[in-house]
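Q: Below is a structure I'd like to ask you about.
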Amino acid sequence: MTTQTVPGERIPPQRRWWQTAWRELKKAPLSAWFGMIVIAIYLILALFAHWIAPFPENELVGAQYEPWGDQFLFGTDQLGRDMLSRLIFGARNTIGIAFITTLLAFLIGGAMGLMATVVGGWVDQLFGRAVDILMAIPQLIFALVLLSIVGASIVNLILIIAVLDSTRVFRLTRAVAMNVVVLDFVEAAKLQGEKIGWIMSREILPNILPPLVAEFGLRFCFVFLTISALSFLGLGIQPPTADWGSMVRENATLINYGDITPLLPAGAIALLTVAVNFVVDWFLHKTSGLKD
């Protein structure tokens with residue numbers, strides 16, 4: 031039965047995507063809202079660090095280890111740089127590098143996982159055995175060895191961690207894609223003579239996006255913590271670039287005098303990790319189809 035449209039009658043517009051997104055956000059639990067607010071604050075600090083920070087990133091503005099006060103809210107570091115400004119610039123550097131590294135890891139691991147699923151055969155075996163070898167070595171130790179050999183530049187840091195972390199992405203992508211590649215619409219696309227790139231990007235990828243998006247959040251946390259750990263050990267983001275991991279190491283001696291300044295960058299790392307996990311947990315719950 032068809033419906034007739036009366037001349038002059040106003041047809042209600044379809045619900046726009048942002049209206050649908052806002053409706054879902056209003057149903058989000060407090061933990062997810064807390065995580066999204068924290069992430070939004072971190073992003074604002076990272077994007078507008080030059081305008082928010084009271085001092086430049088590497089400017090010597092006072093004496094060494096000046097206490098907290100009106101002029102320097104969180105005191106100064108071992109060289110006399112403002113700690114608050116270093117924390118704000120550290121958000122830009124640490125989060126930005128971690129995001130680029132995670133994105134590159136997903137491009138590498140996701141492409142390999144989809145290729146192994148669609149092509150199969152010796153390609154699947156080759157990728158699988160190479161991933162097994164990389165995953166057999168502890169990631170942090172392997173990264174330390176490689177950075178010691180090639181040098182601890184930002185480019186080397188991003189490439190090494192992205193390649194090592196892509197192994198986990200490969201495993202997940204291959205596992206979820208295996209459940210889709212055997213479905214009828216994929217077989218129909220193969221029979222129609224569609225190219226591998228089309229099948230990967232148009233037939234399989236849209237159907238495995240929810241777990242990949244959730245994994246992106248988790249991978250970001252692990253990459254973020256790995257970069258901070260490497261910086262703390264001296265082989266991550268190098269001075270004078272502000273980085274939360276290296277800031278903990280540089281000011282660690284203050285703990286002996288009862289000063290909690292080194293805990294500020296450590297707390298910033300922990301808070302962002304918890305916030306991202308809250309959002310990922312909510313997103314997984316929404317995409318899993320489970321009801322409260």
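Residues 31 to 322 (the working numbering) are what the sequence shown spells out, left to right.
The C-beta atom is built at its ideal place from N, Cα and C for all residues, glycine as well.
All of these numbers come straight from a predicted model, not from anything done at the bench.
How many angstroms separate the CA atom of F78 from the CA atom of I290?
A: Looking at the two C-alpha atoms, the distance is approximately 26 Å.
Q: Whole angstroms are fine: how far does the CA of A182 sit from the CA of I118?
A: If I take the Cα positions, the gap works out to 23 Å.
Q: What is the DSSP secondary structure of D112, counted as helix, strand or coil?
A: Three-state DSSP puts D112 in a strand.
Q: Among I71, V199, F102, whose alpha-carbon lies nearest the alpha-carbon of L90?
A: The candidate whose alpha carbon is nearest that of L90 is F102.
Q: For a test of the three-state rule: what should DSSP assign to M248, helix, strand or coil?
A: Checking the displayed sequence, the identity of residue 248 turns out to be Leu instead of Met. Residue state, collapsed to three classes: helix.
Q: Which residues bound the alpha helix (DSSP H) around N237?
A: Neither: N237 is in no alpha helix (DSSP H) and is coded neither H nor E.
Q: Report the rounded CA-to-CA distance for T203 versus R111, giving the unit in angstroms.
A: C-alpha separation (whole angstroms): 44 Å.
Q: Determine contact between the stretch 117-131 and the stretch 266-279, defined as no fewer than three beta-carbon pairs at a distance below 8 Å.
A: Segments in contact, yes.
Q: Nearest-angstrom Cα distance between G151 and M145?
A: Their Cα atoms are separated by approximately 11 Å.
Q: Return helix, strand or coil for T271, following the three-state DSSP convention.
A: In this structure, T271 counts as coil in the three-state DSSP scheme.
Q: Just checking, does the stretch 183-198 make contact with the stretch 131-148 on the three C-beta pairs under 8 Å criterion?
A: Output reads yes: the stretch 131-148 touches the stretch 183-198.
Q: Once the 5 residues before and after P295 are set aside, which same chain residues still bring their CB inside 7 Å of it?
A: Around P295: L117, G120, W274, M277, V278.
Q: Is the stretch 234-244 in contact with the stretch 172-180, if contact means three or more CB pairs nearer than 8 Å?
A: They do not touch, by the three-pair rule.
Q: So, is R53 buried or exposed, given that buried needs 16 or more other C-beta atoms within 10 angstroms?
A: Flag for R53 reads exposed.
Q: Quick one: what's T106 bridged to in DSSP?
A: Answer is D112.
Q: For the alpha helix (DSSP H) that contains Q169, what are its first and last residues?
A: Run containing Q169: 169-180, per the alpha helix (DSSP H) assignment.
Q: Where DSSP assigns a beta bridge to L60, which residues make up the other side?
A: Beta-bridge pairing links L60 to no other residue.
Q: Taking the DSSP output, what are the residues bridged to L156?
A: None; L156 has no bridge partner.
Q: From the DSSP output, in three-state form, read off L90 for me.
A: Reduced to three states, the DSSP call for L90 is strand.
Q: When burial is assigned at 16 or more other CB atoms within 10 Å of the CB, is S261 buried or exposed?
A: Per the 10 Å Cβ criterion, buried.
Q: Whose C-alpha, out of L248, A207, L263, is nearest the C-alpha of F313?
A: Answer by Cα proximity: L248.
Q: In chain order, what residues of the same chain have a beta carbon less than 7 Å from the beta carbon of I82, not counting five sequence neighbours either side?
A: Contacts found: L75, I118.
Q: What residue range does the alpha helix (DSSP H) around A219 cover?
A: Unbroken alpha helix (DSSP H) run through A219: 214-221.
Q: According to the Cβ coordinates, are F64 and F308 closer than 8 Å?
A: Closer than 8 Å, so yes.
Q: Between the alpha carbons of N88 and F104, how many angstroms are there, rounded?
A: For N88 and F104, the distance between alpha carbons rounds to 16 Å.
Q: Compare the beta carbon distance of V148 and I229 with 8 Å and say whether it is the shorter of the two.
A: The answer is yes: Cβ separation under 8 Å.
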